[in-house]
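Asks: Sequence order for the protein chains is A and B. Its first residue numbered 52, the first sequence is counted upward by one per residue in our numbering. Its first residue numbered 52, the second sequence is counted upward by one per residue in our numbering.
Number of protein chains: 2
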Amino acid sequence: MIGINAKELVKGTAGMLVLRTLSGEALHGYALIQKLREKSGGLFDMKEGTLYPILHALEYEGLVEASWQGEGRRKRVYRITQSGQKQLASLQGEWERAKRAVDLVLGGAQYA
Amino acid sequence: MIGINAKELVKGTAGMLVLRTLSGEALHGYALIQKLREKSGGLFDMKEGTLYPILHALEYEGLVEASWQGEGRRKRVYRITQSGQKQLASLQGEWERAKRAVDLVLGGAQYA
DNA sequence: CGTTGATACCAATCACTCCTATGCATAGAA
DNA sequence: TTCTATGCATAGGAGTGATTGGTATCAACG
Numbered sequence: 052m053i054g055i056n057a058k059e060l061v062k063g064t065a066g067m068l069v070l071r072t073l074s075g076e077a078l079h080g081y082a083l084i085q086k087l088r089e090k091s092g093g094l095f096d097m098k099e100g101t102l103y104p105i106l107h108a109l110e111y112e113g114l115v116e117a118s119w120q121g122e123g124r125r126k127r128v129y130r131i132t133q134s135g136q137k138q139l140a141s142l143q144g145e146w147e148r149a150k151r152a153v154d155l156v157l158g159g160a161q162y163a
Numbered sequence: 052m053i054g055i056n057a058k059e060l061v062k063g064t065a066g067m068l069v070l071r072t073l074s075g076e077a078l079h080g081y082a083l084i085q086k087l088r089e090k091s092g093g094l095f096d097m098k099e100g101t102l103y104p105i106l107h108a109l110e111y112e113g114l115v116e117a118s119w120q121g122e123g124r125r126k127r128v129y130r131i132t133q134s135g136q137k138q139l140a141s142l143q144g145e146w147e148r149a150k151r152a153v154d155l156v157l158g159g160a161q162y163a
């Protein structure tokens with residue numbers, strides 16, 4: 052599809068949620084999962100096997116920065132970058148557009 | 052993820068849009084694509100290579116019925132079944148839930 | 001008539017996202 | 001000390017949907 056495809060619609064949704072969760076505070080992986088579950092009212096229960104590859108990709112793309120903290124049980128704390136903030140804003144825009152388009156087809160919610 | 056995972060979030064979105072488009076009237080593939088583009092305000096431009104596998108899967112699952120019409124240039128007209136209507140309602144429910152959960156995390160729209 | 005473009009159907013293949021399963025390691029509680 | 005929660009990470013696979021390309025009909029135009 053062009054413009055918004057059903058794939059785009061989803062693509063990065065998980066990444067977007069991660070970025071958004073990090074935009075409030077720097078977190079390490081495990082805490083991020085809990086925060087996400089909490090903020091979504093228990094609906095999103097992201098698995099570690101889902102999260103870490105996403106975090107690594109985000110880091111590779113420069114959207115988040117990571118640093119090790121603590122001794123013994125090391126924690127890798129992730130912090131959103133300015134670039135990440137921009138990307139988040141862009142993804143949120145896409146999400147709104149996609150949501151609107153789907154709802155148009157569904158004949159559901161009206162938007163002003 | 053449990054409950055709604057980011058996959059569920061998307062899963063069948065294309066199928067849901069197809070079912071919804073067929074819920075108004077029986078259509079053949081090509082017309083369905085045009086209708087979908089029209090209803091979405093031009094945002095969804097589904098390719099035939101995307102649509103037909105979906106239609107075949109929906110038919111296989113008994114969610115739509117198909118019949119050949121016309122001579123020479125044959126058209127395969129798809130019609131939603133009762134089972135399809137139920138599935139559509141279920142998918143729409145999932146969509147609403149997923150939408151709400153994402154918006155909760157994004158800290159965006161409020162729902163009553 | 002031949003070419004072009006719109007209509008119409010379909011299969012094969014591939015890319016991407018995310019899940020499942022698993023492994024390893026540390027800290028605290030029982 | 002054994003169990004559970006915490007914490008990071010990779011490998012493999014399932015599912016969705018995009019891309020590509022192939023076939024065929026029909027109308028319009030020259």
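Positions of the beta carbon are idealized from the N, C-alpha and C atoms, including for glycine.
Name, going along the chain, the residues of the stretch 89-120 of chain B whose beta-carbon falls closer than 8 Å to a beta-carbon of chain A.
Replies: Within the stretch 89-120 of chain B, the residues whose Cβ lies closer than 8 Å to some Cβ of chain A are Lys-90, Ser-91, Gly-92, Gly-93, Leu-94, Phe-95, Asp-96, Met-97, Lys-98, Thr-101, listed in chain order.
Asks: Of the residues that make up the stretch 68-79 of chain A, which ones have a beta carbon closer than 8 Å to any beta carbon in chain B?
Replies: Per Cβ criterion, the list reads Leu-68, Arg-71, Thr-72.
Asks: Count the other CB atoms, across all protein chains shown, that sit within 10 Å of the CB of A:Lys-150; report buried if there are 16 or more and exposed otherwise.
Replies: Looking at its Cβ environment, which holds 16 or more other Cβ atoms inside 10 Å, A:Lys-150 is buried.
Asks: Three Cβ pairs or more, each shorter than 8 Å: is that satisfied between the stretch 136-148 of chain B and the stretch 68-85 of chain B?
Replies: The answer is yes - the stretch 68-85 of chain B touches the stretch 136-148 of chain B, with three or more Cβ pairs under 8 Å.
Asks: Ordered along the chain, which non-local residues of its own chain (more than five positions away) have a Cβ less than 8 Å from that of A:Arg-124?
Replies: Excluding sequence neighbours, A:Arg-124 sits near nothing in its chain.
Asks: Taking the alpha-carbon positions, what's the A:Leu-155 to A:Glu-122 distance?
Replies: Cα to Cα, the separation comes out at about 53 Å.
Asks: Counting only beta-carbon separations shorter than 9 Å, does A:Lys-126 have a partner in chain B?
Replies: False, the Cβ-Cβ gap to chain B never drops below 9 Å.
Asks: On the DSSP letters alone, give me the boundaries of the beta strand (DSSP E) that B:Glu-76 sits inside.
Replies: No beta strand (DSSP E) holds B:Glu-76; DSSP gives it neither H nor E.
Asks: Kindly indicate if chain B contains any beta-carbon less than 9 Å away from that of A:Gly-144.
Replies: Answer no: the Cβ-Cβ gap between A:Gly-144 and chain B never drops below 9 Å.
Asks: Which residue wins for smallest C-alpha separation from A:Arg-148, given the options B:Ala-77, B:Gly-93, B:Leu-109?
Replies: Residue B:Gly-93 is the option with its Cα nearest to A:Arg-148.
Asks: Please report the Cβ distance between B:Tyr-111 and B:Ala-77, rounded to the nearest whole angstrom; I am assuming they are in contact, meaning their Cβ atoms lie under 8 Å.
Replies: Not confirmed; about 18 Å, so no contact.
Asks: Helix, strand or coil: how does DSSP classify A:Ser-118 here?
Replies: Strand, per DSSP.
Asks: Please report the Cβ distance between B:Leu-102 and B:Leu-83, rounded to the nearest whole angstrom; I am assuming they are in contact, meaning their Cβ atoms lie under 8 Å.
Replies: Yes, they are in contact, since the Cβ atoms of B:Leu-102 and B:Leu-83 sit about 7 Å apart, within 8 Å.
Asks: Roughly how many whole angstroms lie between the Cα atoms of B:His-79 and B:Ile-105?
Replies: Each residue's alpha carbon lies about 13 Å from the other.
Asks: Out of B:Ala-140, B:Ile-131, B:Trp-119, B:Gly-75, which one is the CA nearest neighbour of B:Ala-108?
Replies: Residue B:Ile-131 is the option with its Cα nearest to B:Ala-108.
Asks: For a contact defined as C-beta to C-beta under 8 Å, what are the partners of B:Ala-152 on chain A?
Replies: Within chain A, the residues near B:Ala-152 are Ser-91, Gly-92, Leu-94, Phe-95.
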